[in-house]
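**Q** Here it is, the structure, as C-alpha cells.
Protein chains: 2
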Amino acid sequence: MTTINDIAKMANVSRTTVSRALNNSGYVSEDVRKKIMSIVEETGYMPSVSAKSLRTKRSGVIGIILPRISTETASRLVNGINDVLSKQGFQILLTDTELQKDKEIEYIRLLKSRQVDGIILSATNINDELLQTIQDVDLPFVSLGQDFPGVTSVVYDDYAASVDVTNMLIQKGYDKIAFIGVGEEDPSVGYERKQAYLQTMAKHDLPVQDHWVETGDFSIESGYEGMKRILQNHDAQPNAVFAVTDRMAIGAMEYLKEQGYKIPEDVAVTGIGASVMSKYVSPSLTTVDYFNKEAGEEAARALLGQLQGKNTSKKIKNSYRLILRDSV
Amino acid sequence: MTTINDIAKMANVSRTTVSRALNNSGYVSEDVRKKIMSIVEETGYMPSVSAKSLRTKRSGVIGIILPRISTETASRLVNGINDVLSKQGFQILLTDTELQKDKEIEYIRLLKSRQVDGIILSATNINDELLQTIQDVDLPFVSLGQDFPGVTSVVYDDYAASVDVTNMLIQKGYDKIAFIGVGEEDPSVGYERKQAYLQTMAKHDLPVQDHWVETGDFSIESGYEGMKRILQNHDAQPNAVFAVTDRMAIGAMEYLKEQGYKIPEDVAVTGIGASVMSKYVSPSLTTVDYFNKEAGEEAARALLGQLQGKNTSKKIKNSYRLILRDSV
DNA sequence: GAGTGATGTGTAATCGATTACACATATGAA
DNA sequence: TTCATATGTGTAATCGATTACACATCACTC
Numbered sequence: 001m002t003t004i005n006d007i008a009k010m011a012n013v014s015r016t017t018v019s020r021a022l023n024n025s026g027y028v029s030e031d032v033r034k035k036i037m038s039i040v041e042e043t044g045y046m047p048s049v050s051a052k053s054l055r056t057k058r059s060g061v062i063g064i065i066l067p068r069i070s071t072e073t074a075s076r077l078v079n080g081i082n083d084v085l086s087k088q089g090f091q092i093l094l095t096d097t098e099l100q101k102d103k104e105i106e107y108i109r110l111l112k113s114r115q116v117d118g119i120i121l122s123a124t125n126i127n128d129e130l131l132q133t134i135q136d137v138d139l140p141f142v143s144l145g146q147d148f149p150g151v152t153s154v155v156y157d158d159y160a161a162s163v164d165v166t167n168m169l170i171q172k173g174y175d176k177i178a179f180i181g182v183g184e185e186d187p188s189v190g191y192e193r194k195q196a197y198l199q200t201m202a203k204h205d206l207p208v209q210d211h212w213v214e215t216g217d218f219s220i221e222s223g224y225e226g227m228k229r230i231l232q233n234h235d236a237q238p239n240a241v242f243a244v245t246d247r248m249a250i251g252a253m254e255y256l257k258e259q260g261y262k263i264p265e266d267v268a269v270t271g272i273g274a275s276v277m278s279k280y281v282s283p284s285l286t287t288v289d290y291f292n293k294e295a296g297e298e299a300a301r302a303l304l305g306q307l308q309g310k311n312t313s314k315k316i317k318n319s320y321r322l323i324l325r326d327s328v
Numbered sequence: 001m002t003t004i005n006d007i008a009k010m011a012n013v014s015r016t017t018v019s020r021a022l023n024n025s026g027y028v029s030e031d032v033r034k035k036i037m038s039i040v041e042e043t044g045y046m047p048s049v050s051a052k053s054l055r056t057k058r059s060g061v062i063g064i065i066l067p068r069i070s071t072e073t074a075s076r077l078v079n080g081i082n083d084v085l086s087k088q089g090f091q092i093l094l095t096d097t098e099l100q101k102d103k104e105i106e107y108i109r110l111l112k113s114r115q116v117d118g119i120i121l122s123a124t125n126i127n128d129e130l131l132q133t134i135q136d137v138d139l140p141f142v143s144l145g146q147d148f149p150g151v152t153s154v155v156y157d158d159y160a161a162s163v164d165v166t167n168m169l170i171q172k173g174y175d176k177i178a179f180i181g182v183g184e185e186d187p188s189v190g191y192e193r194k195q196a197y198l199q200t201m202a203k204h205d206l207p208v209q210d211h212w213v214e215t216g217d218f219s220i221e222s223g224y225e226g227m228k229r230i231l232q233n234h235d236a237q238p239n240a241v242f243a244v245t246d247r248m249a250i251g252a253m254e255y256l257k258e259q260g261y262k263i264p265e266d267v268a269v270t271g272i273g274a275s276v277m278s279k280y281v282s283p284s285l286t287t288v289d290y291f292n293k294e295a296g297e298e299a300a301r302a303l304l305g306q307l308q309g310k311n312t313s314k315k316i317k318n319s320y321r322l323i324l325r326d327s328v
C-alpha cells in the first residue's frame, strides 16, 4: 500500500507538502502541486482513513441504528439519509438492533469508539439509560421517529395522523371501529396512535368494545391474528378496523377475505405507512404516507447542521398525507 | 475521551499491560487484570478503532456495495449479511451506486482506503475495468448475484430458474408467451433470463413474436408500459407474460386489470423475486423465490472464509424455488 | 546451586496521516 | 536600502493503539 511518505519521496518533497497539496491547506507552488497530483493519479494513492481520523478525530462516517434493517420503512429512511449524506462525502455505518433494547445503547457506544462523526437513531422506545447514553457520547445526534427530550428529533405527527384516520372513518359513517396496535413501550407507534384513536372515538361518543382493541407486533401474521381475535367475539362486531401499520392491516385483510367478509362493505380497513404493497393489494389499502425518505433526508440535514456547529436541539415534525383508497 | 494511557495511569501499569489485558494476549497477572477491567468498566473506556486499525490493518468493517439501497432484494441481502457478520463482531459500511457503473469502481477504492477488511459487491454488470479494480485492491471479496471470473461469487441459477418458469407455463398450456426483461448489460437479470426464455420457447417449437419481447428498467411503471406495448399490437396477442422481476410483473398486472383482461384466464403472469407484495396482490403472483437472505448469509460466510485465509475463489450457486400461485 | 522455562511487566518503535513552528526567499512599500 | 508581509517548504510532535524485545522473578530440575 502506498502511503503519503511514498508519494513524498517520489515527488522529492516532504510529506507535509503532500498533505497540503491534497487538502488545499497552506501554500503549495503550482509546479509542485501538479507534480504531486500526477503522482497521486498514477499510483492510485488514497490516504489512510484510519491515520487521518486518528489525527483529526473525524472519520467521515455517520452511524445509523435501526430496529430492523429489512423493512420498507428502514430502507426508505436509509435511502433518504444516504442521498443527503453521500453528497457531502459521508459514508454510512449500519447497525441493526433486531428490536433488542439494550443493543441501542451498546451500538451508540460502539459507534462512538469507531469515531463516527454523528449518529442517527431510529428508536422503538425511550428510557433514561438510553437518554443518558446519548448525552454521554456527546456526538452530533438525531433521533428519528421518537421524540427524545433535549435531543434533535425528526418525528412524525403520529397523534394528528391517527386522529385524521379515525375521523375519516367516522365521517364515512363507520361507527364501530376496531384497532390493532403495538406495545405501548413504543411511544410513537404504540402509545400515540392508540391514544389518538381512543380519544377521537370518545370525542364522538362512540363506544369502544374491549375486545376491539388488539395488539400485534408489526408482522402481517400478527395483523391476521389480531383481526381473528376481534371477530371471534360475535356479539359486537366492528364495521371497520384501524391497524397502525400497513403490514398488520394487510394481515387483517387476509383474515377478512378468508372468512368471506367484503372489504369495505362489511369491514373497512386502514393502515399507516404507504407501503408499495398497500397500493397493489385488493382492495387497495387506505393508508397514511409518512414520507419516510423525506424524514431520512431531514434527519441527515439536521445532523449536518450539528456537524457545522449549530447545535441547537431542534424538533422537526415531518408532514404526512392520508391516501384514500378502496379499502374504506 | 479516555485513552489507553489514562487507563494505564489509573491502574498504575504501562499501557502495554492494559493492551494485553484487553486483548488476552501475553501474560497478565490475575490481580492486575481484574483491576484494569474494573477501571475499564467504570470509565466506559472503549479503544479507538482508528488507532487500532492503523496499527493492525484491520478495522472490523465490511464494505457492501449495492446498486440500489431501497429495494426489497437489497434489504434482504443486507439482512442476511448482517446476521452472519455481526455475530463475528463485524460492522457494515453501506454504499449505494444508484445504478451508476463508475461508482462501483470508485466505491471499491474508497472502501479500501477506509481499511475495510473485505467487500461484498452486488453488481449489475461486468466489465474489465471493474474486474481489474477488484484484482488491484487485493482484499477478501465476494460478488453477489453476478459471476465474476476468478472472484468468489454467490450467484442465483438464473438460467435454470427461468427455464423452469417458461416450462411451467408451457406445461400449463400457455403457448403464446411474452417476455418483459431488462437491458442485457446486466448478465444475470438481463441476459441469462432472456436466453433461458428464448431457448426454452425454441426447444418447444413455440414461436416468439418480435413485439412480445419488451425491456423495462425494474420499475413497476416499466412493467406497466411494457405490457401496454405488447398488447397494443392486436394481431398476435400472447396468453401469458413472463416478467423477470416481481415489480415489473405487478406493473403488467396493473395494465391488464385496467384493460379488463382476466388473470390468468386471458393472460397469465409470472415474476421473479418472491417479494412480499407478490403474495398479496390479486390474483396472487406466481414467482420464484431466490432466497435472497440466504444468499446474503452465504456471501458473508464466504467472505469470512477468505478472512480466515482459505482464499480459494469459489462459486456458490444458491438454490431457488418456484412458487405457484393464482396468476397462472 | 546453576540452568531453564514459564510468568509478568515495561521501554520504545511503529502505523500514516496532520499541523504548529521555524526558516528561507520573494515582493513591495517606505 | 530596509523592513514587513506573502509565499513556499521542511522538521518534528502528535493522535492512540500494538508488539518486538528486554528484563526481572519464580519454580523446578538435575
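Listed in order, the protein sequences are those of chains L and Y.
Okay, so the first sequence: first residue is 1 according to UniProt numbering, each after it adds one.
Okay, so the second sequence: first residue is 1 according to UniProt numbering, each after it adds one.
All C-beta atoms in this analysis are idealised placements derived from N, C-alpha and C, irrespective of residue type, glycine included.
(1) Quick one: what does DSSP say L/Gly145 is sitting in, helix, strand or coil?
(2) Please tell me whether Y/Gln100 has its Cβ less than 8 Å away from any Cβ of chain L.
(3) Going by beta carbon distance, what residues of the same chain come within less than 7 Å of Y/Gln91, once the five residues before and after it are set aside?
(4) Answer with buried or exposed for Y/Met227, where buried requires no fewer than 16 other C-beta atoms within 10 angstroms of its C-beta.
(5) Check whether the Cβ atoms of Y/Thr286 and Y/Thr270 sit closer than 8 Å, and answer yes or no.
(6) Here's the rule: buried if 16 or more other CB atoms are within 10 angstroms of the residue's CB, otherwise exposed. What is L/Arg193?
(7) Could you name the residues of chain L that Y/Pro47 contacts, counting a contact when the two beta carbons are closer than 8 Å?
(8) Name the chain Y residues whose beta carbon is nearer than 9 Å to that of L/Ala51?
(9) Under 8 Å, CB to CB, which of the residues in the stretch 175-205 of chain L have a partner in chain Y?
(10) Quick check on Y/Glu214: does DSSP put it in helix, strand or coil?
(11) How long is the line joining the alpha carbons of Y/Ala295 and Y/Lys103, rounded to whole angstroms?
(12) Enumerate in chain order the residues of its own chain whose CB-to-CB distance from residue 343 of chain Y is below 6 Å, with the five nearest sequence positions on each side excluded.
(13) Which ranges does the alpha helix (DSSP H) cover as unbroken runs of at least 4 residues, wholly within the stretch 180-254 of chain L, from first to last along the chain?
(14) Looking only at its chain, what residues have a beta carbon closer than 7 Å to the beta carbon of L/Tyr45, apart from the 5 residues adjacent to it on each side?
(15) For the stretch 29-47 of chain Y, enumerate the residues whose C-beta is nearer than 8 Å to any C-beta of chain L, in chain order.
(16) Figure out for me which residue from L/Asp266, L/Pro67, L/Ile230, L/Thr215 has the closest Cα to the Cα of L/Gln209.
(17) Could you check whether the Cβ of Y/Gln256 sits closer than 8 Å to any Cβ belonging to chain L?
(18) Is L/Val165 closer than 8 Å to L/Phe242 when the C-beta atoms are compared?
(19) Starting from the N-terminal side, write out each stretch of the alpha helix (DSSP H) that is 4 residues or longer and does not extend beyond the stretch 108-139 of chain L.
(20) Helix, strand or coil for L/Gly296 per DSSP?
(21) Mark L/Ala300 as exposed unless 16 or more other C-beta atoms lie within 10 angstroms of its C-beta, in which case mark it buried.
(22) Tell me which residue opens and which closes the alpha helix (DSSP H) that residue 345 of chain Y is part of.
(23) Label Y/Arg247 either buried or exposed according to how many other C-beta atoms from any shown protein chain fall within 10 Å of its C-beta, with 16 as the threshold for buried.
(24) As a quick exercise: from Y/Tyr320, Y/Ala160, Y/Phe141, pick the residue whose alpha carbon is nearest that of Y/Thr152.
(25) Is the CB-CB distance between L/Val276 and L/Glu72 below 8 Å?
(26) May I ask you to verify whether the stretch 248-256 of chain L touches the stretch 33-51 of chain L, counting CB pairs closer than 8 Å and requiring at least 3?
(27) Using alpha carbons as the reference points, say which of Y/Asp205, Y/Glu106, Y/Leu77 lies closest to L/Ser86.
(28) Classify L/Gln91 as helix, strand or coil using the three-state DSSP reduction.
(29) Counting Cβ pairs, one atom from each stretch, are 3 or more of them under 8 Å apart for the stretch 10-21 of chain Y and the stretch 173-192 of chain L?
(30) Taking DSSP as the reference, what is the three-state secondary structure of L/Asn167?
(31) What is the residue span of the alpha helix (DSSP H) that Y/Asp31 lies within?
(32) Span of the alpha helix (DSSP H) holding L/Thr56?
(33) What span of residues does the alpha helix (DSSP H) with Y/Ser278 cover, start to end?
(34) Given that a residue counts as buried once 16 or more other Cβ atoms are within 10 Å of its Cβ, and exposed if not, what is Y/Gln132?
(35) So, for Y/Asn5: in the same chain, excluding its five sequence neighbours on each side, which residues have a beta-carbon less than 6 Å away from its beta-carbon?
(36) Give the residues of chain L in contact with Y/Val142, contact being defined as C-beta atoms less than 9 Å apart.
**A** On the basis of the coordinates in this document:
(1) coil
(2) no
(3) Gly60, Val61
(4) buried
(5) yes
(6) buried
(7) Ser113
(8) Ser50, Leu54
(9) none
(10) strand
(11) 23 Å
(12) Residue 343 of chain Y falls outside the range modelled here, since chain Y spans only 1 to 328, and no answer is possible.
(13) 193-203, 220-232
(14) Thr2, Ile7
(15) Gly44, Met46, Pro47
(16) L/Ile230
(17) First, the residue type needs correcting, since residue 256 of chain Y is Leu and not Gln in the sequence shown. No, no contact with chain L.
(18) yes
(19) 128-137
(20) helix
(21) buried
(22) Because chain Y in this structure spans residues 1 to 328, residue 345 of chain Y falls outside the shown range and cannot be described.
(23) buried
(24) Y/Phe141
(25) yes
(26) no
(27) Y/Glu106
(28) strand
(29) no
(30) helix
(31) 30-43
(32) 49-56
(33) 276-280
(34) exposed
(35) Arg15
(36) What Y/Val142 touches in chain L: nothing, since even the nearest Cβ is about 18 Å away.
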